[in-house]
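S.K.: The sequence shown begins at 1253 in our numbering and counts up one residue at a time.
Every residue gets a Cβ at the ideal spot worked out from N, C-alpha and C, and that includes glycine.
No experiment lies behind these values; they were computed from the predicted model shown.
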Amino acid sequence: MVKESTALTASLRNMPEIEREPDLSSIAPLQLPNDRQLVMRVMPMPADANGNGDIFGGWIMAQVDLAGAVLPARIAKGRIATVAVNQFVFKQPVSMGDLLSFYAKVERIGKTSVTVNVEVFAERNPAKLHVVKVTEANLTYVAIDHAGRPRPIPAA
Ligand SMILES: CC(C)(COP(=O)(O)OP(=O)(O)OC[C@H]1O[C@@H](n2cnc3c(N)ncnc32)[C@H](O)[C@@H]1OP(=O)(O)O)[C@@H](O)C(=O)NCCC(=O)NCCS
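#1: Helix, strand or coil for V1346 per DSSP?
#2: Does the stretch 1337-1347 touch the stretch 1284-1293, meaning 3 or more C-beta pairs lie closer than 8 Å?
#3: May I ask which residues mark the beginning and end of the beta strand (DSSP E) holding R1326?
#4: Once you ignore the five residues that flank W1212 on each side, which residues in its own chain have a CB closer than 8 Å to its CB?
#5: Is it true that the stretch 1301-1310 meets the stretch 1323-1334, where meeting means three or more beta-carbon pairs spaced less than 8 Å apart?
#6: Less than 7 Å between the CB of G1303 and some heavy atom of ligand 2, yes or no?
#7: Identify which residue in Q1339, V1370, D1287, L1351 has its Cα closest to the Cα of H1382.
#8: Under 7 Å: does the beta carbon of N1390 sit that close to some heavy atom of ligand 1?
#9: Is L1352 helix, strand or coil when you go by DSSP?
#10: Could you give the distance in angstroms between the alpha-carbon of G1400 and the alpha-carbon of V1394?
#11: With a Cβ-Cβ cutoff of 8 Å, do N1377 and N1390 count as a contact?
#12: Given that a residue counts as buried once 16 or more other Cβ atoms are within 10 Å of its Cβ, and exposed if not, what is G1349?
#13: According to DSSP, is K1380 helix, strand or coil?
#14: Assuming P1402 and T1364 are in contact, meaning their beta carbons sit under 8 Å apart, how far apart are those beta carbons, in whole angstroms?
What follows is the structure, given as C-alpha cells:
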C-alpha cells in the first residue's frame, strides 16, 4: 500500500502539470513603487481562478478598470465612463494567495478625458516576501453629464 502510493506520487511528480512550482529565484524581487498612488488592494479568491489554477485575466481586467477609475473620478468630480483600454499587458500570472496592489499615475488630463497608467504588483510568499509586477495597463475615462454625454473636466 505504502509502496503503491509512493509509486503514484513519483509518477505524478513526473507529470509536467505537477511540476509547476513557480521558480521565484528567476524573477527579480521588486519594491512596491513610491512614485505612484496606491488606489486599491485586493486578494483574489478561488472563484476567480481559471482552468489552470491561475487567476482569470478577465477578473484582473475588471479590477484594473475599477482601480484606474479612482483618480479620474476625483479629477472629474463626478460621473465618469471608461472610453478606452489603450494598452493591457499581463506580465506574470497571478496566483491564489497573491496580495494585489494597484498603483496609478495620471498620464494626461484632456478637455473631457483623463488617461491613467495602472501597474499591478503581487506580494507573494509572505514567509520570504517577493514582489512581482504582474500587469500594466493604460486606460482613458471620460467625464459625463446626467445624460451620459462628455462634459468638460472642471478646473482643479
Ligand atoms: C464615453 C462616451 C460618453 C464618450 O462619448 P464620445 O462621443 O465618444 O466622446 P468624444 O469623441 O467627444 O471623446 C471624448 C473624449 O474621449 C477621448 N477618446 C475617445 N475615444 C478614445 C479612444 N479610443 N482612446 C482614447 N481617448 C478617446 C477623446 O479624445 C476625448 O477626450 P478629450 O475631450 O479630453 O480630448 C461614449 O463613447 C460612451 O458612452 N461610451 C460607452 C462608455 C461605457 O459604457 N464604458 C464602459 C464600458 S464596459
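M.R.: Considering the structure as presented:
#1: DSSP places V1346 in coil when its eight states are reduced to three.
#2: no
#3: First-last for R1326: 1322-1328, but that is the alpha helix (DSSP H), not the beta strand (DSSP E).
#4: In the structure as shown, the chain begins at 1253 and stops at 1408. Residue 1212 is therefore absent and cannot be evaluated.
#5: no
#6: Ligand 2 is not among the ligands present in this structure, which contains only ligand 1.
#7: Closest by alpha carbon: L1351.
#8: Not under cutoff, so the answer is no.
#9: strand
#10: 10 Å
#11: no
#12: exposed
#13: helix
#14: 4 Å
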